[in-house]
Amino acid sequence: MDRLPPELHVKIGRYLWFKDLYQLVLVSKFCHSIFTPELYREIQFRGVYRLWEPNFHMDEDTSSARCLPYAIIENPGLAGFVRSLQLVPFINPALRNPWFALLLLQLKYLQHLYVFLQCDEHGHGQKGPAPTPHFDEVISWAANPESGIFTRLTHLTLDESQARFDYKPPGISVIRLIPFLEISSLRHIRVTRIADQNEQALPRKFNSKVTRLDVKQCDKTFTQLPQLLMGCSELESFTWTLEESTHHLFRRPHRPGFHWEPNRAYDAIYQLRFTLRHLSIKSHICRGDLYLHHDVEYPQPAYFGSLCDFPVLETLQMRMVNLLPFQPGTRVPTSPLWKILPSSLRFLSIDGCLMQTSNMLCDELEDLAAHCQTHLPQLEKVHIAYSHYEKINGQQCLACEGPGSVMSYKEVKADPAIVARLRALGVKFNKQGVRLRPFV
1 MDRLPPELHV
11 KIGRYLWFKD
21 LYQLVLVSKF
31 CHSIFTPELY
41 REIQFRGVYR
51 LWEPNFHMDE
61 DTSSARCLPY
71 AIIENPGLAG
81 FVRSLQLVPF
91 INPALRNPWF
101 ALLLLQLKYL
111 QHLYVFLQCD
121 EHGHGQKGPA
131 PTPHFDEVIS
141 WAANPESGIF
151 TRLTHLTLDE
161 SQARFDYKPP
171 GISVIRLIPF
181 LEISSLRHIR
191 VTRIADQNEQ
201 ALPRKFNSKV
211 TRLDVKQCDK
221 TFTQLPQLLM
231 GCSELESFTW
241 TLEESTHHLF
251 RRPHRPGFHW
261 EPNRAYDAIY
271 QLRFTLRHLS
281 IKSHICRGDL
291 YLHHDVEYPQ
301 PAYFGSLCDF
311 PVLETLQMRM
321 VNLLPFQPGT
331 RVPTSPLWKI
341 LPSSLRFLSI
351 DGCLMQTSNM
361 LCDELEDLAA
371 HCQTHLPQLE
381 KVHIAYSHYE
391 KINGQQCLAC
401 EGPGSVMSYK
411 EVKADPAIVA
421 RLRALGVKFN
431 KQGVRLRPFV
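The opening residue of the sequence shown carries number 1 in full-length UniProt numbering; numbering runs sequentially from there.
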C-alpha cells in the first residue's frame, strides 16, 4: 500500500464505505495518516426526531451532539479534513444546539453545507421549535470575511424539516437567505419550498457572488424573487421549480389549481442575460395522490417571454405552457418556437407536453428542424417530456364526484399517428446533427 502514489490513495478512499474506512485507519499508522482525511471529509450530523409525538422533541445535550465538536477540540487537525457537513434528512436538526454552532466555528475548510431548517408552525397554532439563535449568530459572523468563518464555503442547501407527515409546512422564508447571501465565498445555493412568510423585504441593494441558484417554490406567489435575482448580478445558472397545487378535499367547493406566472420574473432574468448560461423553469407534483392532473385547462398557459436576446444561454428547460405564447383560451401559438430561442442554445427540454395537443407540438418541431442550420447552429439535443398525469379535458374532478367514485382518471393513450410523426421528426433532426428524444 505504501508503494502506491498518494493520488491513488485518495481515489481508493472515495470508493470505500464509511465503516470500511473506519476499519482501515486502525490497520497501521500509515493507513491512519493516509485515510483519516477521507474518513472526515464528509460528515452527517444527526439530531433526534420522534414521529408519533404530537409536539417537537429535541434532546439538547445528547452524546452525538457533543462527541464530534469535543473530538475536534482535542484534535484540531481533524477540522481541516472536513469538506462537507450534512444534517440527515427526516431528522429534526440540531440547529438549536450550541454544540452544533461550536462545530461550525471550527470547520475552517468547509465547502458544502446541507442543513434542515425547522418549519415554522407558530402561525398554525402548533407548538414548534424555538428559533435557532446559535446557528443564526454563526451565519451572521460569516458575512464578515475577517472573521475567518466559512471563508471557503461554496455550496449551500437549505431544506425544510417537517414535524409530522400530516402537516404541510409553510415553506422557508426568503428572509432566511439574507445572511447567507453576504458570505463572499458562496457560489451555489439550493433552497427547497421557498416562500414569502412575512412582510419583511429583502435589502434594496445587495450584491451576492452566487453563480448558481436553485429554488423550489411552494404553491403560492413568491413576490420577492425578482429582487433576489437582481442581487445576484453574476448568476450563470438558475433553476426555478414550482410545487404544483393539490386537489380540494371531498365535499368541498371545487377550486382550480394555482396559476403560476413566471413572467413576473422575466425583467429581472433579462438583466442577467449576458451571464446566464442555464435556465430551468419547471414544476413537480405534490406527494401522495393529492396532485392535480393535467389537461388543456390546467396548468393555464403563461408565456414567460422571448429568449432570443440571451447571447450565452446554452441550456433551456421549460414547460410548454410557459415556453410558447398562445392565443387567449386556446393552445394555438402566436409565434413560432424557433423565433423565441437564442442562437447560442445547445440543449432544449420541453416539459409538460400533452397528448391532446401533440399535433401543435409536432408542427412547432417541424419548423424548428427547418431552421436549425440558420437560426440555431449550435443546437445538439431536443428533449420532449409528456406529462405522466394527463386526464381527458372536461372530465369531472374526482374530488367533486365524492369518495365513492372511481379513484382514477381515464388513461389518455398515445395516438399511433403522433408516435409515427415523432419518429419521423427524429430522423429529420438527425440529418441536421440534432438528437431528438421524445418520451411518450
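Idealized CB from N, CA, C, for every residue including glycine.
Check residue i in the structure and name its three-state DSSP category.
i      : result
Pro333 : strand
Val434 : coil
Glu411 : coil
Thr246 : strand
Gly352 : strand
Thr374 : helix
Gln227 : helix
Trp52  : Confidence at Trp52 is low in this model, with a pLDDT of 38, below 50, so its placement is unreliable and no value can be given for it.
Glu380 : coil
Glu60  : Confidence at Glu60 is low in this model, with a pLDDT of 46, below 50, so its placement is unreliable and the value that follows should be read with caution. It is coil, neither helix nor strand.
Ala130 : Confidence in Ala130 is poor, its pLDDT being 46 and thus under 50, which makes the residue's placement unreliable; the coordinate value appears in the next sentence. DSSP places Ala130 in coil when its eight states are reduced to three.
Val312 : coil
Gln23  : helix
Arg187 : coil
Tyr386 : strand
Lys428 : helix
Gln106 : helix
Ala143 : coil
Ile194 : strand
Phe100 : helix
Glu182 : coil
Ile392 : coil
Tyr291 : strand
Phe326 : strand
Ser173 : strand
Phe304 : coil
Pro203 : coil
Val296 : coil
Gly257 : coil
Phe81  : helix
Cys232 : coil
Leu341 : coil
Phe222 : coil
I'd like to confirm the pairing. Which residues does DSSP put opposite residue i in its beta bridges?
i      : result
Leu238 : Note that residue 238 is Phe in the sequence shown, not Leu. DSSP lists Leu213, Leu279 as partners of Phe238.
Tyr114 : Gln86, Thr157
His284 : Glu243
Phe347 : Thr315, Lys381
Gln271 : Partner(s): none; Gln271 has no beta bridge.
Glu401 : In the DSSP output, where bridge partners are listed per residue, Glu401 has none listed.
Ile149 : Looking at the DSSP assignment, Ile149 forms no beta bridge with any residue, so it has no partner.
Gln44  : Gln86
Phe439 : Ala385
Please look up how many angstroms separate the CB atoms of residue i and residue j, rounded, as I've assumed it's under 8 Å.
i      : j      : result
Leu242 : Ser283 : 4 Å
Asn393 : Asp295 : 4 Å
Arg346 : Gln395 : With 8 Å as the limit, Arg346 and Gln395 do not qualify as a contact, their Cβ atoms being about 39 Å apart.
Cys362 : Arg277 : Incorrect: roughly 29 Å between the Cβ atoms, too far for contact.
Gln227 : Leu249 : With a Cβ gap of about 35 Å, Gln227 and Leu249 do not count as contacting.
Val138 : Leu105 : 6 Å
Phe135 : Ala101 : 6 Å
Arg437 : Lys381 : 7 Å
Leu279 : Leu324 : Incorrect: roughly 15 Å between the Cβ atoms, too far for contact.
Val174 : Asp196 : 6 Å
Arg187 : Val210 : 6 Å
His293 : Lys391 : 4 Å
Does any residue of chain B bring its CB to less than 8 Å from the CB of residue i?
i      : result
Pro256 : In summary, chain B is missing from the structure at hand, where a single protein chain is found.
**Message:** I want to know whether the region 333-342 touches the region 426-440 - three or more CB-CB distances under 8 Å.
**Reply:** no
**Prompt:** Is the region 211-228 in contact with the region 186-193, if contact means three or more CB pairs nearer than 8 Å?
**Reply:** yes
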